[in-house]
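Inspection log for the structure reproduced underneath, given as structure tokens.
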Amino acid sequence: MLKPLYTLLLGCMFMLPITTNAMNIKDYHKDVMISENSQADCTTCHGDLKRKSIPDAAVCANCHGSPQDVAKLTKRPEGAGHSVEPNPHDSLHYGTDLPCTYCHQEHKESKVYCNQCHEFTYPKMKR
Ligand code: HEC
Ligand code: HEC
Ligand code: HEC
Ligand code: HEC
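Quick note on numbering: the sequence shown equals residues -22 to -1, 1 to 105 in mature numbering (1 follows the signal peptide of the UniProt record, and there is no 0).
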């Protein structure tokens, strides 16, 4: 009776470090964030924190520029109105203040936060 349980526990103890080190990152980040040992470099986004927390926009800004810079990349044509989806990076409700990670996830599929309430389609967004 005890033996299978013991094996299971032992299995878990070995699984734990493996699963935490093997966090997947997005393909678009692999070029800049995979180090020589072919592991994702966690510190690029999480710093030296032992306990990882959700990175804030300042981390993304190191490479992508300010939220205002990002908003310029997805600026909509003047007077396009309702014929195009609104700029996700500079919205009516939140301006440029929405944390990047509300939409761009790193270790799981990205989602458009706006679509909790709207039905916008952003085919160019990399999930
Ligand atoms: C070390 C630099 C670096 C950091 C830090 C970084 N990125 Fe990137 N990111 C890149 C590079 C390089 C690319 C690929 C080239 C490009 O598309 O700009 C990229 C691509 C992306 C893309 C895909 C762009 C596209 O073409 O659709 C998104 C989305 C993105 N990053 C979001 C983020 C978010 C959110 C953060 C913060 C959690 C972040 N990045 C942190 C360097 C970085
Ligand atoms: C409300 C959801 C949302 C938030 C918050 C958000 N993004 Fe995006 N992002 C998108 C969508 C949707 C696209 C695709 C835009 C399009 O289709 O025009 C995109 C595209 C991008 C791109 C590619 C732009 C291009 O066309 O070259 C980058 C880079 C990017 N986001 C980075 C960021 C960073 C950095 C932040 C935080 C400052 C951020 N995003 C916050 C939804 C979001
Ligand atoms: C490109 C930036 C980036 C890199 C590199 C990265 N992470 Fe993350 N990490 C994030 C983002 C963004 C989140 C927020 C949740 C999500 O997007 O999946 C996160 C969330 C986490 C969380 C959950 C934190 C919480 O409080 O919910 C853990 C644990 C974590 N990362 C571990 C790692 C490990 C381990 C590595 C190295 C193998 C790593 N990350 C590399 C961006 C990154
Ligand atoms: C919590 C729900 C919620 C979220 C999340 C949300 N919205 Fe809205 N939004 C609303 C409501 C409610 C209205 C007002 C109803 C109306 O006039 O259609 C509205 C109206 C709008 C309008 C003006 C109406 C129109 O169709 O022109 C735009 C543009 C808009 N939202 C964009 C966004 C964008 C972009 C995001 C994500 C960055 C977002 N919203 C996130 C609830 C939300």
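The beta carbon of each residue, even a glycine, is placed where N, CA and C say it ideally should be. Note that the coordinates shown come from a computational prediction; the quantities given were computed from them, not determined experimentally.
- DSSP lists 69 as the beta-bridge partner residues of residue 73.
- Of all alpha-carbon atoms in 15, 89, 16, the one lying nearest the alpha-carbon of residue 101 is that of 89.
- Taking 7 Å as the cut-off, one finds at least one heavy atom of ligand 3 near enough to the beta carbon of residue 33.
- Inter-residue distance for residue 45 and residue 61 is about 24 Å (C-alpha atoms, whole angstroms).
- In the pairwise beta carbon analysis, the region 51 to 60 is classified as not touching the region 80 to 87: fewer than three pairs are separated by under 8 Å.
- Per DSSP, reduced to three states, the secondary structure at residue 35 is helical.
- Counting along the chain, residue 27 sits inside no alpha helix (DSSP H), nor does DSSP assign it H or E at all.
- Secondary structure note for residue 46: its alpha helix (DSSP H) is the uninterrupted segment 45 to 51.
- Per DSSP, residue 7 is one residue of the alpha helix (DSSP H) stretching across 5 to 11.
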